[in-house]
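J.: Those letters in the sequence shown? Residues 10 to 114, per the working numbering, in order.
Backbone N, C-alpha and C define an ideal beta-carbon position, used for all residues, glycine too.
I have a structure here, written as structure tokens, and I will follow up with some questions on it.
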Amino acid sequence: MLNPKSFYKEKIKESLLKMDRSVIKELGYKKIEIFEDEKLEKLENLFFISELKFELLKGKTLQNVLINSPYMGVLIYQDKYVYSNPYMCKLLGYTSEEFCKLKPE
């Protein structure tokens with residue numbers, strides 16, 4: 010589930026403030042300053058888009074696993090059958106074309 014944009018703003022601030030002070034000093038900086046709102050908003054958008062892409066990828070991967078599973082029959086219908094995976098065809102003895110002519114009851 011996607012988080013609200015305010016969630017990212019707090020996570021960014023939290024991460025910056027948790028940075029080890031010795032690392033900050035080693036990098037040649039005296040302290041960490043919180044970004045101005047405009048830059049912070051751009052980071053929020055970047056985090057949001059990254060999470061959105063991840064959620065879409067997870068959904069696509071699950072879809073591919075289910076549809077292409079060699080041990081699970083899949084039929085997709087909307088008024089009539091529009092898709093049948095090879096396992097379902099083999100299991101019930103119909104071709105994909107024959108399934109497309111049938112209506113689910």
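Which value, in whole angstroms, describes the spacing of the CA atoms of R30 and E50?
T.: Translated into the one-based positions of the sequence shown, residue 30 becomes position 21. Translated into the one-based positions of the sequence shown, residue 50 becomes position 41. Answer to the nearest angstrom: the Cα atoms are 25 Å apart.
J.: Is the stretch 88-97 touching the stretch 51-70, taking contact as three or more C-beta pairs under 8 Å?
T.: No, they do not touch.
J.: Let me check understanding here. Comparing Cα to Cα, which of L101, E107, L52 and E60 lies closest to M81?
T.: Along the sequence shown, read from residue 1 onward, the residue named residue 81 stands at position 72. Selected option, being the one with the closest Cα: L101.
J.: Where do the ends of the beta strand (DSSP E) carrying L84 lie?
T.: The count along the sequence shown starts at 1 and reaches residue 84 at position 75. Residues L84 to Q87.
J.: Going by other Cβ atoms of all chains shown within 10 Å of its Cβ, with 16 needed for buried, is Y38 buried or exposed?
T.: The count along the sequence shown starts at 1 and reaches residue 38 at position 29. Exposed: under 16 other Cβ atoms inside 10 Å.
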